Amino acid sequence: MRSNGAGMVTPDMAGEEVRIAGWVHRRRDLGGLVFLDVRDRSGLLQASAGPGWSSPEAMEAVRGLGPEDVIGIRGVVAPRPEAARNPDMATGDVEVQITELEVFNKARTPAIPVYLPPEEELPSEKLRLRHRVLDLRRHDLQARLILRHRLVLEVRNFFHEQGFVEIETPMLTKPTPEGARDFLVPSRVHPGEFFALPQSPQIYKQLLMIAGFDRYVQIARCFRDEDLRADRQPEFTQIDVEASFVQPEDIYGWCEGLMARLAEVAGIEADPPFLRLTYQDAMERFGCDRPDLRYGLEIGDYSDVLGALDSNILRGAIAKGGRIRGLHLAGGARLSRKQIDAIERAAKAEGAPGLFWAKIQEDRATGPMGRFFRDDTSARLALSPGDLILAAAGPDRVTSPALDAARRASIQALELPRTTAHAWLWVTGFPVFEEGADGTMGANHHPFVQPHPDDIHRLDSDPLSVRGLAYDLVYNGTELGSGSVRVHDADLQARLLGMLGLSEDEIATKFGFLLEALRAGAPPHGGIALGMDRLAAWLSGGTSLRDVIAFPKTTAARALYEGAPVQVGAAELAALGISVGGSE
RNA sequence: GGGGCUGUAGCUCAGUUUGGUUAGAGUGCCGGUCUGUCACACCGGAGGCCGCGGGUUCGAGUCCCGUCAGCCCCGCCA
0 MRSNGAGMVT
10 PDMAGEEVRI
20 AGWVHRRRDL
30 GGLVFLDVRD
40 RSGLLQASAG
50 PGWSSPEAME
60 AVRGLGPEDV
70 IGIRGVVAPR
80 PEAARNPDMA
90 TGDVEVQITE
100 LEVFNKARTP
110 AIPVYLPPEE
120 ELPSEKLRLR
130 HRVLDLRRHD
140 LQARLILRHR
150 LVLEVRNFFH
160 EQGFVEIETP
170 MLTKPTPEGA
180 RDFLVPSRVH
190 PGEFFALPQS
200 PQIYKQLLMI
210 AGFDRYVQIA
220 RCFRDEDLRA
230 DRQPEFTQID
240 VEASFVQPED
250 IYGWCEGLMA
260 RLAEVAGIEA
270 DPPFLRLTYQ
280 DAMERFGCDR
290 PDLRYGLEIG
300 DYSDVLGALD
310 SNILRGAIAK
320 GGRIRGLHLA
330 GGARLSRKQI
340 DAIERAAKAE
350 GAPGLFWAKI
360 QEDRATGPMG
370 RFFRDDTSAR
380 LALSPGDLIL
390 AAAGPDRVTS
400 PALDAARRAS
410 IQALELPRTT
420 AHAWLWVTGF
430 PVFEEGADGT
440 MGANHHPFVQ
450 PHPDDIHRLD
460 SDPLSVRGLA
470 YDLVYNGTEL
480 GSGSVRVHDA
490 DLQARLLGML
500 GLSEDEIATK
510 FGFLLEALRA
520 GAPPHGGIAL
530 GMDRLAAWLS
540 GGTSLRDVIA
550 FPKTTAARAL
560 YEGAPVQVGA
570 AELAALGISV
580 GGSE
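Residue 408 in numbering that gives the first Met the number 0 is what sits at position 409 of the first sequence, and the numbering runs on without skipping anything.
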């Protein structure tokens, strides 16, 4: 039906007869002469219809065309007259002079425009999702999805080259007792019983290691029934990786090699090995476990100097065992009171009672904390005139998140320059456990993380201090992937599950199959899962996962194009042995 | 579950602060003129449940209450 892609026609094809098929992008009707921009995946091409070269039928048909009509044209490639060339168009030096035209399908006037005039805003995202087929015709989205395809291809090639095997794992699986809420799938054969869609193939990939596959990879769809964000969809795709007889270094090496290859595909810079920070250092220097290292600003400990000032609050914080940490903002004194208040609000939103701050002037310090400054305070803190110091006092668990928020708000307020466009980082040594708000102990990552050999003796005496062989890959302040070396000893695994509050019965019924596998001779193993959607979004320069997913869900977890989810009929429910209650 | 922003013509938006005649613009759509356009140009026309429901008022796009939807965030997401 066609000889060339519309975007593939070049000046050296002049004189050739071509057949082009695609959509009518724009039509410019000059009366005796009609121009069409024909669009397909490969690009745009101008076609012209005129009485000198087009059949009367083609002239007639071309006048009836509207945007998004699907047509096939036959014509001759011609260089455009010098004055009629369009340097803004990839194929702007040529056109196809239409001899024959066939209309494959008329299109209704599109509900949202595929062609957008310059400086016209995109239609609202609601409409873009509702009319996704039209939205997906736009070059921008096509380019993102095609880049995603190339990234996925590169992932498969890379791991194949490294000796990995891609193995599919079940989508109908067993509900998990902790972690995210499961999507449940009723079984008709077993009324009242349910499968769950996998939150990740975590246990399956461990089983594959025990089965002896050594190196496993899967581009795996995962499901979590939790509330959405711009970087979170209820169904998403992971690059799921697991390998036997490995240490964290092996995983780092593979991931760094992969990132370098993917960055190359996307045309951006990645220069492994990536920087590494321990969890502790990350919290100390940046107040969070996934700092954005595109900016150099770091948190400092000012307990000695600020704790000695004549402020009851500052002294009190030290006396209670806390610290005074803060941010030294060079040139920050130019921030207005309003801007500083905004930074403080960000810190308060993270739970800090407030921020102390001082502006350093030529002869004195001003601001709520500045009045406590002594003659040598600025010098001892290495503050110069024009600087601003922000500080938070108290236990680290309060000041760290507050200063993380203050850091991000300060970067924004001061418009600090980036030191790099792409900041990759490993954060290592996450704690195995975390304390929940209700005081119960939960798994920080998941319950299969191998405790650090240096810390394992503290499992009973001080479990919260036990580090795990767990690591995150961070890109520009966002978690891109998370992994660990796993527990391969059944007794240790059972003990860890018990520490999380599971009874022996629960452990047996919920994780018995895993423990049984571990007892069958499990190799030491570990791995990582990388967010494929996030990777595609960031590497294509976007921020929302919706831009790299053909048919994404809204923030209320609805599919607007097809209209899901829906209620189902009583008969269907009855067949599944399910009754639906009221909204209570 | 909570907070914020948004919802007016097919689409993008103005109008809402301070209630007041017939709700506007650009674009798209329909009809017409036009042989080198490319945001074609020009002439004419049609097009509105102001998200939905209730209330206040002589009068509501505008004020109040509720509700729905989209987006952003908190909780949540190992």
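Note that the Cβ used here is the ideal one computed from N, Cα and C, for glycine as well.
If you're wondering where the values come from, they're calculated on a predicted model, not measured in any experiment.
Distance between histidine 159 and arginine 214 (C-alpha atoms, nearest Å) = 10 Å
Going by Cα to Cα distance, which pick from Val113, His138 and Glu118 is closest to leucine 126?
-> Val113
Glycine 252 - containing beta strand (DSSP E), residue span | Counting along the chain, glycine 252 falls outside any beta strand (DSSP E), though it belongs to the alpha helix (DSSP H) covering 247 to 265.
With phenylalanine 157 as the anchor, note down where its alpha helix (DSSP H) starts and where it stops.
-> 138 to 160
Identify every residue that forms a DSSP beta bridge with histidine 327.
-> Ile388
Mind checking whether tryptophan 356 and isoleucine 317 have CB atoms under 8 Å apart?
-> no
In three-state DSSP terms, what is glycine 435?
-> coil
What first and last residue would you give for the alpha helix (DSSP H) that runs through alanine 20?
-> Unbroken run through alanine 20 is the beta strand (DSSP E), 16 to 28; no alpha helix (DSSP H).
On the three-state DSSP scale, how would you describe tyrosine 203?
-> helix
Just the C-alpha distance for proline 551 and methionine 0, rounded to the nearest angstrom, thanks.
-> 32 Å
Can you tell me the Cα-Cα spacing of lysine 173 and valine 188, whole angstroms?
-> 16 Å
Where does isoleucine 527 fall in DSSP's three states?
-> strand
Go through the segment 449 to 524 residue by residue and report every complete run of the alpha helix (DSSP H) that reaches 4 residues or more, in order.
-> 489 to 498 and 503 to 518
Determine the extent of the alpha helix (DSSP H) in which proline 352 is found, giving its start and end residues.
-> Careful: proline 352 lies outside any alpha helix (DSSP H) and carries neither H nor E.
Out of Ala536, Gln411 and Tyr294, which has the shortest C-alpha to C-alpha gap to isoleucine 339?
-> Gln411
Neighbourhood of glycine 91 by C-beta distance below 6 Å, restricted to the same chain and skipping five residues each side = Arg84 and Asn85
Entirely within the segment 39 to 90 and at least 3 residues each: give me those beta strand (DSSP E) ranges in chain order.
-> 42 to 48 and 69 to 78
Histidine 327 classed as buried or exposed, judged by whether at least 16 other C-beta atoms fall within 10 angstroms = buried
Per DSSP, the bridge partner or partners of tryptophan 425 = Arg275 and Leu472
Going straight from the alpha carbon of aspartate 395 to that of glutamate 561, what length do you get?
-> 48 Å
Using the C-alpha atoms, what's the distance from alanine 556 back to serine 582?
-> Any answer about serine 582 is weak, because its pLDDT of 42 lies below 50 and its placement is not dependable; what the coordinates show is given next. The alpha-carbon atoms of serine 582 and alanine 556 are separated by roughly 18 Å.
Could you tell me how far apart the beta carbons of glutamate 281 and valine 426 are, in whole angstroms, since I believe they sit closer than 8 Å?
-> A small fix is needed here, since residue 281 is alanine in this sequence, not glutamate. Yes, they are in contact, since the Cβ atoms of alanine 281 and valine 426 sit about 5 Å apart, within 8 Å.
For the alpha helix (DSSP H) that valine 304 lies in, which residues bound it at each end?
-> 302 to 305
With 16 other Cβ atoms within 10 Å as the buried cut-off, status of proline 50 | exposed
So what does DSSP say about isoleucine 577, is it helix, strand or coil?
-> coil
Looking only at its own chain, which residues have a Cβ that is under 6 Å from the Cβ of leucine 274, when we skip the five neighbours before and after it?
-> Leu424
Residue interval of the alpha helix (DSSP H) (run including glutamate 241) | Taken as a continuous stretch (DSSP letters only), glutamate 241 belongs to no alpha helix (DSSP H), being part of the beta strand (DSSP E) at 234 to 243.
Can you check whether the CB of leucine 380 is closer than 8 Å to the CB of tyrosine 301?
-> yes
Proline 200 versus glutamine 360 - alpha carbon distance = 58 Å
Spatial distance of threonine 236 from aspartate 532 (CA atoms) | 6 Å
Helix, strand or coil: how does DSSP classify threonine 168 here?
-> coil
Using 7 Å as the cut-off, classify the Cβ of tryptophan 52 as near or not near the heavy atoms of the ligand MN, replying yes or no.
-> The ligand MN is absent from the structure shown, which contains no ligand whatsoever.
I think isoleucine 19 touches valine 95, with their Cβ atoms under 8 Å apart; what is that distance to the nearest whole Å?
-> 6 Å
Rounded to whole angstroms, what's the CA-CA distance from asparagine 443 to arginine 136? Just pull it up for me.
-> 42 Å
Under 7 Å Cβ to Cβ from aspartate 309, same chain only, skipping five residues before and after it: list those, please.
-> Phe371
Return the residue from the list Leu292, Cys287, Gly520 and Gln217 that minimises the CA-CA distance to glutamate 595.
-> This structure gives no information on residue 595, because the portion of the chain shown stretches from 0 to 583.
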